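Protein chains in written order, with this note's numbering: chain A, 692 to 1073; chain B, 263 to 399.
We put the beta carbon where it would ideally sit given N, CA and C, even for glycine.
Remember, predicted model here, so these are calculated numbers, not experimental data.
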Amino acid sequence: MSTAQVAIVAATETTELGAIPDKSALGLHADAALNAIREAGLKLEDIDGLACAVEDPLEVAFYLGIRPDWVDGTNIGGCSFISHVRHAAAAIAAGHAKTVLIVHAESGRSWQGMRGWINMPHSLMGQFELPYSKLFPPTLFGQPVLRYMKDFGMTPEQLANVAVVQREWAAPNPRAFMRKPLTIDDVLSSKMIAYPLHQRECCLVTDGGGALIVTSADRAKDFPTRPVYLHGTGEHVETPTITTMDDFHSSRSFVRSGRAAFSEAGITHGDVDHLMVYDAFAHLPIYGLEDLGFVPRGEAAAFIWDRNTAPGGSLPMNTNGGGLSYAHSGMYGMYALQESVRQLRGTAANQVEDAEISVCHGVGFMFGAASTVVLSNAHVIN
Amino acid sequence: MTEIFGRLPVPIPETKHFWDGTRESKLLLQRCEECQKAYFPPRPHCPRCGTSRVVVFPASGRARLYSYTIDHINLRDGSPVAVGVAELEEGVRMMCNLLEVEQTPEALHLDMPLQVVFQKINDEITLPQFKPAGEVQ
């Protein structure tokens, strides 16, 4: 049994998603944050905690006009915002903050006011990977794919099918960036980006962001939205260089972060009604399903092929269309959180009937880190 | 000298011996004297047990092609570039380019034997790279 200590009482995305050329990354932070503050019926002065990752928290706090007494600028890649939820829960429990804003936005497509991805030439990646590769995620993040395919017999069609299924979820979702149905042939005949990854197996490049407000569970019922309670959390960091990950078939970060979150929530896999697995590339849901323990090693591609994660399947996954079809501004974790919250509020475009428990799992950098949360619309889960 | 595909690395004190080694066509790894395991990238302590009892030793240069991607967006001389992962006989993995071989899936087979080669970029930096190993003598 788990009784939640904190809850998400606001969850909003930027007003628009996709191509937003008239807003900067900082402006999109403000748009997402103000949407959340308004949704919660709060004023700027009510926010006493701030977490963000790609922008400097000083910049965000000042620009927005909040005065936080607790701050978290943890940046471990795209899952940072999932970690921020965990950190905010600890801060609230410790009495360091009461009402925490977690905000993320990027101008990934229009590139307005972006800091860019800095990697110093003396870092480990700068010395031992970037002489050989451009700082181009498909080339780097794709490194384990061929090894996995050879050792587990995953076919190119099975990998392509991940993108096909996610497009099925995106098709009826009016906020999704790409909605036209895809076939496996479409995926395999799309432009080769970094062999073996084709364009449709790589995430979108869009503008946008989102924000959450986290507070204590005992205050949650006072807010206008249906509270979404935090029951379990995990995070882990492994390596800045994908070449040196322990195992090309499995992410240690995924395994350990997922295990911690399930254990803290006291749930088993059968309890999970809805799953988000950060899909920057088509192989990530495959690693996620296996490393989180939903399917045995080497069987996730067949599990997706058999439509278990597709509309109507037993484990609805990436129901917004994911980073492959919904939105991906560079760091996707915030969008995955937003969809988990929508599902548990009952407001998702592709609503999973009676969804009570959602697991949201994100990757940081390129199999470098991971964060996981177990969320529920029930204050107490058995 | 060869033009680098990526970006020039900048050595730091803890990795200087490695880059000094490549200039002399040596691939220097480190091994823990407690657990006897080789490790990479360089650092003056064992990342498994934390001991500073570590030694530098020359790798055999023999490896296998553990995995790779072929970058079709960032081209070199108008052609795709393979970015590989060599797994060294000593057990560590290193990123590399794959030299003296066609940059195609047809030519690049996982587990094919590789041999280190040294590619001089400038007076300071020589990159360890890998090429298919020839017939065993």
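Best match in the options for proximity to residue i [C-alpha to C-alpha]
i	options	result
Glu648 of chain A	A:Arg891, A:Phe868 and A:Asn810	With chain A represented from 692 up to 1073, any question about residue 648 of chain A goes unanswered, as that position is not in the structure.
Lys288 of chain B	B:Lys278, B:Pro306, B:Tyr330 and B:Arg315	B:Lys278
Gly833 of chain A	B:Gly346, B:Asn384 and B:Val378	B:Gly346
Asn852 of chain A	A:Leu837, A:Arg838 and A:Ala992	A:Ala992
Pro863 of chain A	A:Ala1040, A:Ala1046, A:Phe753 and A:Ile1048	A:Ala1040
Ala305 of chain B	B:Pro275, B:Leu361 and B:Lys393	A small fix is needed here, since residue 305 of chain B is Arg in this sequence, not Ala. Looking at the Cα atoms, B:Pro275 is the closest of the given residues.
Leu719 of chain A	A:Thr1000, A:Gly804 and A:Gly1013	A:Gly804
Thr930 of chain A	A:Leu717, A:Gly768 and A:Ala731	A:Gly768
Ser353 of chain B	B:Ile387, B:Arg326 and B:Met263	The question names Ser, yet the displayed sequence has Gly at residue 353 of chain B. The shortest Cα separation from Gly353 of chain B among B:Ile387, B:Arg326 and B:Met263 belongs to B:Arg326.
Pro915 of chain A	A:Arg729, A:His927 and A:Glu704	A:Arg729
His795 of chain A	A:His974, A:Met1025 and A:Val1071	A:Met1025
Val776 of chain A	A:Val836, A:Arg858 and A:Leu903	A:Leu903
Leu1035 of chain A	A:Thr1010, A:Gly1059, A:Gly979 and A:Arg870	A:Thr1010
Ile836 of chain A	A:Ser1016, A:Gly989, A:Glu750 and A:Val1043	The displayed chain sequence assigns Val, not Ile, to residue 836 of chain A. Out of A:Ser1016, A:Gly989, A:Glu750 and A:Val1043, A:Gly989 has the C-alpha closest to the C-alpha of Val836 of chain A.
His927 of chain A	A:Gly844, A:Gly1004 and A:Asn766	A:Asn766
Lys714 of chain A	A:Ser798, A:Pro759, A:Cys743 and A:Ala784	A:Ser798
Leu975 of chain A	A:Pro987, A:Ser942 and A:Val963	A:Ser942
Ser774 of chain A	A:Ala695, A:Leu1028 and A:His960	A:Leu1028
Tyr328 of chain B	A:Gly1012, A:Arg950 and A:Thr934	A:Thr934
Lys1095 of chain A	A:Gln696, A:Leu980, A:Met936 and A:Gly1037	Residue coverage of chain A in this structure runs from 692 to 1073, which leaves residue 1095 of chain A outside it and unanswerable.
Met967 of chain A	A:Arg917, A:Pro712, A:Ile1048 and A:Met883	A:Ile1048
Cys893 of chain A	A:Asp964, A:Gly1012 and A:Thr706	A:Gly1012
Leu361 of chain B	B:Pro367, B:Arg310 and B:Gln381	B:Gln381
Gly312 of chain B	B:Arg324, B:Arg293, B:Ser322 and B:Pro320	B:Arg293
Gly1059 of chain A	A:Leu980, A:Asp964, A:Ser948 and A:Arg917	A:Ser948
Ala885 of chain A	B:His371, B:Asp333, B:Arg338 and B:Asn359	B:Asp333
Beta-ladder partner(s) of residue i, from DSSP
i	result
Trp761 of chain A	A:Gly740
Arg355 of chain B	B:Glu349
Ile1048 of chain A	A:Ser1067
Glu797 of chain A	A:Gly899
Tyr920 of chain A	A:Ala698 and A:Ser1067
Pro375 of chain B	B:Arg326
Pro394 of chain B	B:Leu376
Ile1072 of chain A	A:Ser693
Thr790 of chain A	A:Thr906
Ser941 of chain A	A:Asp938
Ala704 of chain A	For the sequence presented, residue 704 of chain A should be read as Glu rather than Ala. Answer by DSSP bridge pairing, in chain order: A:Gly901.
Straight-line Cα distance separating residue j from residue i
i	j	result
Val946 of chain A	Lys912 of chain A	34 Å
Asn726 of chain A	Val762 of chain A	20 Å
His778 of chain A	His940 of chain A	29 Å
Leu376 of chain B	Pro887 of chain A	21 Å
Ile958 of chain A	Tyr301 of chain B	38 Å
Ala710 of chain A	Asp982 of chain A	34 Å
Tyr839 of chain A	Gly786 of chain A	45 Å
Leu873 of chain A	Ser881 of chain A	11 Å
Pro303 of chain B	Val343 of chain B	23 Å
Gln399 of chain B	Arg355 of chain B	The pLDDT assigned to Gln399 of chain B is 42, lower than 50, so where the model puts this residue is not dependable; a value taken from the coordinates is nonetheless given after this. One C-alpha to the other measures close to 25 Å.
Ala1069 of chain A	Glu736 of chain A	29 Å
Asp373 of chain B	Leu821 of chain A	23 Å
Phe753 of chain A	Leu717 of chain A	11 Å
Val1050 of chain A	Thr1063 of chain A	7 Å
Lys393 of chain B	Ile793 of chain A	48 Å
Asp741 of chain A	Pro828 of chain A	Before going further, note that residue 741 of chain A is Leu rather than Asp in the sequence given. Between Leu741 of chain A and Pro828 of chain A, the C-alpha separation is close to 29 Å.
Met692 of chain A	Ala854 of chain A	36 Å
Leu389 of chain B	Val379 of chain B	8 Å
Glu704 of chain A	Ala867 of chain A	12 Å
Asn810 of chain A	Ser824 of chain A	13 Å
Val318 of chain B	Leu350 of chain B	15 Å
His813 of chain A	Pro273 of chain B	6 Å
Trp860 of chain A	Leu733 of chain A	33 Å
Asn336 of chain B	Pro1002 of chain A	37 Å
Phe363 of chain B	Gly396 of chain B	The sequence shown places Val at residue 363 of chain B, not Phe. Looking at the two C-alpha atoms, the distance is approximately 12 Å.
Val791 of chain A	Ser1016 of chain A	30 Å
Tyr330 of chain B	Gln365 of chain B	10 Å
Pro712 of chain A	Ile1072 of chain A	43 Å
Leu370 of chain B	Asn359 of chain B	12 Å
Ala321 of chain B	Pro987 of chain A	37 Å
8 Å Cβ cutoff, residue i in contact with chain C
i	result
Ala885 of chain A	The chain inventory of the structure shown lacks chain C, comprising the protein chains A and B.
Let me know the beta strand (DSSP E) ranges lying completely inside the segment 854-910 of chain A, each 3 residues or longer, listed in chain order.
883-886 and 898-907
Assess, as a yes-or-no matter, whether the segment 814-833 of chain A is touched by the segment 1047-1066 of chain A under the definition of 3 or more beta carbon pairs within less than 8 Å.
yes
When you compare the segment 992-1009 of chain A with the segment 264-272 of chain B, are there three or more beta-carbon pairs, one atom per stretch, that lie closer than 8 Å?
no
Could you tell me which whole alpha helix (DSSP H) segments of length 4 or greater appear in the segment 269-353 of chain B?
You should have 278-285.
Inter-stretch contact at 8 Å, needing at least 3 Cβ pairs: the segment 291-298 of chain B / the segment 950-964 of chain A:
no
Examine the Cβ distances between the segment 1009-1028 of chain A and the segment 892-899 of chain A and report whether three or more of them are shorter than 8 Å.
yes
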